[in-house]
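**Student:** Numbering (the working numbering), first residue to last: 3 to 60. Take this structure first; my questions come after.
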């Protein structure tokens, strides 16, 4: 249970970091339209961790 909690906490942190990176580069906090490639990649990794997809299914 602790491992699951830590993975989910890390994924939530990545979602926040992705939105902060997008806001820093574009000046908007809207995460529905990620225009910066780094923000998009981090958000994809975070959602993959939240869903438990193959490389992130600890």
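In this text, a Cβ means the ideal position worked out from N, Cα and C, and glycines have one as well. Predicted model, so just to flag it, every value in this text is computed and none were measured.
#1: Do three or more CB pairs link the region 45-57 to the region 11-27 at distances below 8 Å?
#2: Kindly indicate the opening and closing residues of the alpha helix (DSSP H) around residue 55.
#3: Keeping to the same chain, check which residues put their C-beta closer than 7 Å to that of residue 31; ignore five residues upstream and five downstream.
#4: Look up residue 10 in the DSSP assignment and say whether it is helix, strand or coil.
**Tutor:** With the given structure in hand:
#1: Using a Cβ-Cβ distance cut-off of 8 Å, the region 45-57 and the region 11-27 are in contact, since at least three pairs of beta carbons, one from each stretch, lie closer than that value.
#2: Working through the chain shown from its first residue, we reach residue 55 at position 53. For residue 55, there is no enclosing alpha helix (DSSP H), since its DSSP letter is neither H nor E.
#3: Position 29 of the chain shown holds residue 31. Result list for residue 31: 21 and 25, in chain order.
#4: Against the chain shown, residue 10 aligns to sequence position 8. When secondary structure is reduced to three states using DSSP, residue 10 falls in the helix class.
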